[in-house]
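>
Protein chains: 2
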Amino acid sequence: MNTTKSIQVFAPATVSNMGSGFDIIGFPIENVGDTVQVTQHEKQVVRITNISGYKDIPLEASKNVASYAVIKLLEKLGVNTGFDIAIEKAVKPGSGIGSSASSSVAAVYAVNELLGQPFTDNELIEFAMEGEGLASGGKHADNVAPALLGGITVLRSYNPLDVIRIEPPEHLRIILLHPQIEIKTKEARDILPRQIPLKDAIHQWGNVAGLISGLYASDYEMIGRSMEDVIIEPRRSSLIPGYDQLKSAALEAGALGCTISGSGPSVFALAKGKQVALEVEKAMREAYKAQEVPFNVYSSSISSQGATIIDI
Amino acid sequence: MNTTKSIQVFAPATVSNMGSGFDIIGFPIENVGDTVQVTQHEKQVVRITNISGYKDIPLEASKNVASYAVIKLLEKLGVNTGFDIAIEKAVKPGSGIGSSASSSVAAVYAVNELLGQPFTDNELIEFAMEGEGLASGGKHADNVAPALLGGITVLRSYNPLDVIRIEPPEHLRIILLHPQIEIKTKEARDILPRQIPLKDAIHQWGNVAGLISGLYASDYEMIGRSMEDVIIEPRRSSLIPGYDQLKSAALEAGALGCTISGSGPSVFALAKGKQVALEVEKAMREAYKAQEVPFNVYSSSISSQGATIIDI
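Residue numbers (this note's numbering), protein chains in the order written: chain C, 1 to 312; chain A, 1001 to 1312.
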């Protein structure tokens, strides 16, 4: 009789960009994310056995982000083993809160645990980035890193991969509104300019510096005003119906800042403390009702927790 | 008989840019800077009475950065008074370590003290920026802010002016080599592109995020590798003879990073601790001897001290 080992791992949904920190900053939403059950077996094959929660996600191992990331991990390790992966998706693909990263991080984390942790965090990020490449054509880590590590992550560099983890300020809360429309990552990328004025770039990295300072110093107002993004948001916000009204409503209700999550369509605001967060959530819901677009809202702290073993 | 009030103020020389933090980050060198003696009188005129240390600096009040900044301050305040300013310059103009900022900050700080501190730090920075505008055609604050406040300063935004002050990591030291050649600020500006690839901008703000993280966390290695500047340094370094050899020598001797100070020609390295700093200084001196360009070297901690009253 074969012995089989199995593990259940959760990895959170994540917000990337945080305004000025385009392509480099990300953080998890608390208690929202995908869960995988990974079972090791002796066949040399990686299989997706089940996907629940959302439809239209590939079951074929070479086309599913989670199994694809695991295949890349096994290629690197060169061992003769295989895994069955069942995915329970809570994050809708295309929502702009790292749906693919959530699945692929949970899967590689689970496999690494079952194999006795042969890989470092940075290596796991790189395998999960392969999944991102499959999903969007770009091997980004701005969702993958916070989904794995938790906290606020900063990608200083891709080559070599250099990730910084910042503990979230205690009272920082996120209110995220997900309009149920589809924005293709490719479309959101194509709308961006390839060249930008140097003076805009300087303006942006002044805000990035302010954002990182605000996070270390728990200066909430500084965090809010440093989210200002003069390059990406003015272009991408045109893809989100009712964006300006939603942002105005959030800011008027006391949000520190409000901008696009990832490539959209989700929009998030940050607030200091639960009371203000409730006001902001109410205002955002109210403002978006006028759009006649169905939406859902997540409200939570910024999670310190990344990928987590739920059950062995 | 008139009563005259007089004050003597020192403001340090400063390094701006710090590699990736082009136009937004700056810090003072310890014990190097200009000293002004400012005397209030009842004539409604601002005069430069003496300049020592370096020649070819305008004595005419409307053309001298220090008196010009004071004139702007008095215009704002609208009081009927005047000042005599004597400047003792220790910072050579055109060296890339904030010579004009040192003089103008010392002058406006002194006048503000004599008048009973009517202005905030931010307002003083703005007056001194007027001096910078006179000197270089651009109202920059990346030397002015650290010369006034001390520590490592970050300009999040110019409009409104938003300055962050970070306490320097305890063991961080600077070794600065000033080759005695002239680089006009305008020439150093003209060599820069007006447009840059978005991907280079993202790379740069990843490094800016790393730099600010490294400073808050006293992560010296992170500070060093985050100084990497993919936009400005590759262009401006061509204006500095022997730059590549100097940088290589500094890094081989253990420097955390090495790049251009301001618009050059000064080049600075950072090191952790006095012992390594001594090695780096030795290596930089040795490497630059081959250039047949006269030079001088400053080696110090990163000063927490900005403008300071020396004598009343």
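Cβ coordinates follow ideal geometry from the N, Cα and C atoms, glycine included.
Are the beta-carbon atoms belonging to A:ASN1264 and A:ARG1236 less than 7 Å from one another?
Note on residue identity: the sequence assigns Gly, not Asn, to residue 1264 of chain A. Result yes, Cβ atoms of A:GLY1264 and A:ARG1236 sit closer than 7 Å.
> Which whole-angstrom value describes the C-beta separation of C:THR35 and C:PRO146, a residue pair presumed to lie in contact below a C-beta threshold of 8 Å?
Going by Cβ atoms, the distance from C:THR35 to C:PRO146 rounds to 17 Å, so no, they are not a contact pair.
> Compare the C-beta of A:LEU1155 with all C-beta atoms of chain C and state if any pair is closer than 7 Å.
Yes, because at least one Cβ of chain C sits closer than 7 Å to the Cβ of A:LEU1155.
> Contact criterion: CB-CB distance below 7 Å. Does C:GLY206 meet it with respect to chain A?
So yes, C:GLY206 belongs to the interface.
> Tell me which residues of the segment 1183-1201 of chain A have at least one Cβ-Cβ distance to chain C shorter than 9 Å, keeping chain order.
Within the segment 1183-1201 of chain A, the qualifying residues are LEU1192, PRO1193, ARG1194, GLN1195, ILE1196, PRO1197, LEU1198, LYS1199, ASP1200, ALA1201.
> Is the distance from the Cβ of A:LEU1134 to the Cβ of A:VAL1065 below 7 Å?
Closer than 7 Å, so yes.
> Exposed or buried, which one is C:VAL79 when buried takes at least 16 other CB atoms within 10 Å?
So C:VAL79 ends up on the exposed side.
> In chain C, which residues lie with their C-beta within 8 Å of the C-beta of A:TYR1243?
Going along chain C, no residue has its Cβ under 8 Å from A:TYR1243, so there is no contact; the nearest lies around 21 Å.
> Using the Cα positions of A:LEU1251 and A:ASP1229, report the straight-line distance between them to the nearest angstrom.
Distance between the alpha carbons of A:LEU1251 and A:ASP1229 is about 15 Å.
> Using 10 angstroms around the beta-carbon of A:ASN1050, count the other beta-carbons present and answer buried if the total reaches 16, otherwise exposed.
Classification for A:ASN1050: exposed.
> Could you name the residues of chain A that C:TYR216 contacts, counting a contact when the two beta carbons are closer than 8 Å?
By Cβ distance, chain A contributes ILE1212, SER1213, TYR1216, ALA1217.
> If you follow the beta strand (DSSP E) that C:ASP335 is in, where does it begin and where does it stop?
Since the first residue shown for chain C is 1 and the last is 312, residue 335 of chain C is missing from the structure and cannot be characterised.
> Kindly indicate which residue of A:TYR1243, A:VAL1046, A:LEU1149, A:GLY1053 has the alpha-carbon position closest to the one of A:LYS1063.
It is A:VAL1046.
> For a test of your reading of the model: does the CB of C:HIS203 fall under 6 Å from any non-hydrogen atom of the ligand ATP? Yes or no.
For the structure depicted, the ligand ATP is absent and the ligand set is empty, with no information on it obtainable.
> Would you please state the rounded distance, in angstroms, between the beta carbons of C:PRO168 and C:PHE27? I believe it to be under 8 Å.
Indeed they touch by this definition, with Cβ atoms about 7 Å apart.
> Does the separation of the CB atoms of A:ALA1110 and A:MET1129 fall below 7 Å?
No, the Cβ-Cβ distance between A:ALA1110 and A:MET1129 is not below 7 Å.
> Could you tell me which of A:GLN1040, A:GLN1204, A:ASN1017 sits nearest to C:VAL154, measuring between CA atoms?
Nearest of A:GLN1040, A:GLN1204, A:ASN1017 to C:VAL154, Cα basis: A:GLN1204.
> Under 9 Å, CB to CB, which of the residues in the segment 1145-1177 of chain A have a partner in chain C?
So the close ones are VAL1154, LEU1155, ARG1156, SER1157, TYR1158, ASP1162, ILE1164, ILE1166.
> Looking only at C-alpha atoms, which of A:PRO1058, A:HIS1041, A:SER1100 sits nearest to A:THR1081?
Nearest of A:PRO1058, A:HIS1041, A:SER1100 to A:THR1081, Cα basis: A:HIS1041.
> Give the straight-line distance between the Cα atoms of C:LYS156 and C:ASN122, rounded to the nearest whole angstrom.
At residue 156 of chain C the sequence reads Arg, which differs from the Lys that was named. Each residue's alpha carbon lies about 13 Å from the other.
> Rounded to whole angstroms, what is the Cα-Cα separation between C:MET1 and C:SER102?
Reliability fails at C:MET1, whose pLDDT of 40 lies under 50, so the model's placement of it is uncertain and no value is given.
> Skipping 5 residues on each side, what residues in its chain have a beta carbon closer than 6 Å to that of C:ILE312?
The residues are ILE7.
> Alpha carbon to alpha carbon, what distance is there between C:GLU182 and A:SER1104?
In a straight line, the C-alpha of A:SER1104 is about 55 Å away from that of C:GLU182.
> Nearest to A:ALA1090 by CA position, among A:GLY1021, A:ALA1011, A:GLY1019, A:SER1301, is which residue?
Ranking A:GLY1021, A:ALA1011, A:GLY1019, A:SER1301 by Cα distance to A:ALA1090 puts A:ALA1011 first.
> Taking only runs that begin and end inside the segment 217-287 of chain C, name each unbroken beta strand (DSSP E) of 3 or more residues, in chain order.
Entirely contained in the segment 217-287 of chain C, the beta strand (DSSP E) runs reaching 3 residues are, in chain order, 257-260, 267-272.
> Between which residues of its own chain and A:SER1273 is the CB-CB distance below 8 Å, once the five residues before and five after are set aside?
Sequence check: residue 1273 of chain A is Gly here, not Ser. Cβ within range, chain order: HIS1171, ARG1173.
> Contact between the segment 239-250 of chain C and the segment 290-301 of chain C: three or more CB pairs below 8 Å?
Output reads yes: the segment 290-301 of chain C touches the segment 239-250 of chain C.
> Got a sec: is the Cβ-Cβ distance from A:ASP1023 to anything in chain C below 7 Å?
Chain C contact via Cβ: present.
> Would you verify that the beta carbon of A:ALA1141 is, or is not, closer than 7 Å to some beta carbon of chain C?
It does not; no Cβ of chain C falls within 7 Å.
> Let me know if C:ASN159 comes out buried or exposed under the rule of 16 or more other beta-carbons within 10 Å of its beta-carbon.
Result: exposed.
> With a threshold of 7 Å between beta carbons, is C:ALA209 in contact with chain A?
Taking Cβ atoms only, chain A reaches closer than 7 Å to C:ALA209, which makes this a yes.
> Quick one: give me the first and last residue of the alpha helix (DSSP H) that A:PRO1146 is part of.
Residues 1144-1149.
> Does DSSP classify C:ASN50 as helix, strand or coil?
Here C:ASN50 sits in strand by DSSP.
> Between which residues of its own chain and C:MET319 is the CB-CB distance below 7 Å, once the five residues before and five after are set aside?
The first residue shown for chain C is 1 and the last is 312, placing residue 319 of chain C beyond what the model contains.
> Apply the 10 Å Cβ neighbour rule to A:GLN1037 and answer buried if 16 or more other Cβ atoms are within range, or exposed otherwise.
Buried, by the Cβ-count rule.
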